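Read through the structure below, which is laid out as structure tokens, and then see the notes.
In the working numbering, the protein residues as written are 781 to 877.
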């Protein structure tokens, strides 16, 4: 008998990365006012993924810093996180897979 297949290996997310918490709060206001996450990522994020609307693609557990990964795992697909602080700055994270 082989090992059961695990569906929990990979996840997918988009994010917006900025250096200051205050910037992220302003972005959250725009998001709550109806602006699209992807458009805000293109405009404000300091991560190269901004050119893809913040899309980081699929990644496996252990490939992102722990704070980021925990936030992604806590979200349902389509949900957006509260601000998350990592060594890189402040993130808003949208789980997409």
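All residues carry an ideal CB built from backbone N, CA and C; glycine is no exception.
As the structure is a computational prediction, the values presented were derived from the model and not from experiment.
Determine the contact status of residue i and residue j, defining contact as a CB-CB distance below 9 Å.
i, j, result
"residue 874", "residue 817", "yes"
"residue 840", "residue 789", "yes"
Residues in its own chain within less than 7 Å of residue i by CB, not counting five upstream and five downstream?
i, result
"residue 804", "798, 863, 870, 872"
Looking only at its own chain, which residues have a Cβ that is under 8 Å from the Cβ of residue i, when we skip the five neighbours before and after it?
i, result
"residue 859", "874, 875"
"residue 838", "790, 791, 792, 877"
"residue 781", "Confidence is the limiting factor: at residue 781 the pLDDT is only 37, short of 50, which leaves the residue's position unreliable, though a coordinate-based value still follows. Taken in chain order, the list of residues that qualify is empty."
"residue 811", "817, 820, 860, 872"
"residue 854", "861"
Could you round the C-beta distance between residue i and residue j to whole angstroms and report it? I think they count as a contact, below 8 Å.
i, j, result
"residue 829", "residue 836", "5 Å"
"residue 849", "residue 865", "Contact doesn't hold; Cβ gap of about 14 Å is too wide."
"residue 852", "residue 867", "The Cβ separation is near 16 Å, so there is no contact."
Tell me which residues share the same chain as residue i and place their Cβ nearer than 6 Å to its Cβ, disregarding the 5 neighbours each side in the sequence.
i, result
"residue 832", "none"
| message | For the pair the stretch 788-796 and the stretch 815-824, tell me if three or more CB-CB distances fall below 8 Å. | response | yes
| request: With a floor of 4 residues, list each alpha helix (DSSP H) that falls wholly inside the stretch 801-847, ordered by position along the chain. | output: 801-812, 817-824
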